[in-house]
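Novice:
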């Protein structure tokens, strides 16, 4: 006996499917809104807890200033903070740009050559193990007090992650793929340019997100040791007169600059290598034809 499916039953089933898809889409939108708001909620909650703890336990300002005291110090010293922040940002970006150029070139060379990979890696690891604060006095002897030691320190401390990640991305291209491309007449430079570099891009941008944050560390280290301008220099002057809120203001401003540069790196990564991150956003719902 043939099964008779009434139009009302079919419409009811279709309506139920649409309601399910709409519910999933609404849940995905709520998840994305929560993900966007969560960092701000955590930051605000952290500062509120910090303020409550300082006031409840009456912690002296020279030990741990409350966020309100830090904000007051920022309002009082906003012009020196702005001037020195700009100096630190410029030295960091210059050192970071140099690290990108030389790190990318050396990473490509090391990743594409087994001899260079085994020959230079021990030297790079040994150099990266040297504390950069111990290198700053040598840079001062060579270049004097000022901007140059801070730029070089930012370059040195952010150079290693870029080299390692780019070299890893190129060196891990499958040998079978290399053999197929050689059989098709591809030259080694073609393999690196058309396969190795695209393969290394996710590694490269991952290293940028690390390198830009540690580059600020290098600039601050050099500015605290040998500089006449910059956030590190300002923090040393503030600590010499026990102005702890101003020291914390410098720390917060440095953290904000690091977060901003990290967000810029992530935005560029999403625009250029979004294909490598496909499927990561599990909250998205694709509505197909019903």
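In UniProt numbering, the protein residues as written are 1 to 290.
Where a beta carbon is used, it is the ideal one built from N, C-alpha and C, also for glycine.
#1: What span of residues does the alpha helix (DSSP H) with residue 61 cover, start to end?
#2: Are the segment 213–227 and the segment 94–104 touching by the rule of at least three beta carbon pairs closer than 8 Å?
#3: Which parts of the segment 20–96 are runs of the alpha helix (DSSP H), unbroken and 4 residues or longer, counting only runs that do not cross its ends?
#4: Around the C-beta of residue 173, are 16 or more other C-beta atoms found within 10 angstroms, so that it is buried, or is it exposed?
#5: Would you mind giving the Cβ-Cβ distance between residue 88 and residue 240, rounded to the nearest angstrom? I have them listed as a contact below 8 Å.
#6: Taking only three categories from DSSP, how would you classify residue 266?
#7: For the 8 Å Cβ check, are there 3 or more pairs between the segment 264–274 and the segment 102–115?
#8: Taking its Cβ as the centre, do 16 or more other Cβ atoms sit within 10 Å of residue 199, making it buried, or is it exposed?
#9: Taking Cβ to Cβ, would you say residue 145 is nearer than 9 Å to residue 227?
#10: Evaluate contact between the segment 247–259 and the segment 64–76, counting only Cβ atoms and requiring at least three cross-stretch pairs below 8 Å.
#11: When you compare only the Cα positions, how much space is there between residue 166 and residue 19?
#12: CB-CB under 8 Å to residue 312, same chain, minus the five flanking residues each way: which ones, in chain order?
#13: Using the Cα positions of residue 124 and residue 160, report the straight-line distance between them to the nearest angstrom.
#14: In or out: residue 223 buried (at least 16 other Cβ within 10 Å) or exposed?
#15: Looking at the unbroken alpha helix (DSSP H) that takes in residue 128, where does it start and where does it end?
#16: When burial is assigned at 16 or more other CB atoms within 10 Å of the CB, is residue 111 buried or exposed?
#17: Rounded to the nearest angstrom, what separates residue 84 and residue 44 at their Cα positions?
#18: Ignore the nearest five residues each way along the sequence and tell me which others in residue 50's own chain have a CB closer than 6 Å to its CB.
#19: Of the residues 32, 39, 139, which one's Cα is nearest the Cα of residue 225?
#20: Measuring straight from C-alpha to C-alpha, what distance separates residue 116 and residue 122?
#21: Following the continuous alpha helix (DSSP H) through residue 132, name the residue where it begins and the one where it ends.
#22: Counting only beta-carbon atoms, is residue 267 nearer than 9 Å to chain D?
#23: Taking the continuous alpha helix (DSSP H) assigned at residue 169, which residues delimit it?
#24: Counting C-beta neighbours from all protein chains within 10 Å, is the total for residue 291 16 or more, i.e. buried, or is it exposed?
#25: Please report the straight-line C-alpha distance between residue 229 and residue 162, rounded to a whole angstrom.
#26: Would you give the residue range spanned by the alpha helix (DSSP H) that residue 273 belongs to?
#27: Measuring CB to CB, does residue 73 end up less than 9 Å from residue 243?
Specialist: Looking at the atomic coordinates:
#1: It is not in any alpha helix (DSSP H) - residue 61 carries neither H nor E in the DSSP assignment.
#2: yes
#3: 67–76
#4: buried
#5: No, residue 88 and residue 240 are not in contact; Cβ-Cβ is about 19 Å, not under 8 Å.
#6: helix
#7: no
#8: buried
#9: yes
#10: yes
#11: 47 Å
#12: The first residue shown for the chain is 1 and the last is 290, placing residue 312 beyond what the model contains.
#13: 7 Å
#14: buried
#15: 114–129
#16: buried
#17: 26 Å
#18: 67
#19: 139
#20: 11 Å
#21: 132–143
#22: Absent from the structure: chain D. Only one protein chain is present.
#23: 147–171
#24: Beyond the ends of the chain as shown, which are 1 and 290, falls residue 291; an answer cannot be given.
#25: 28 Å
#26: Residue 273 -> no alpha helix (DSSP H), and no H or E assigned at all.
#27: yes
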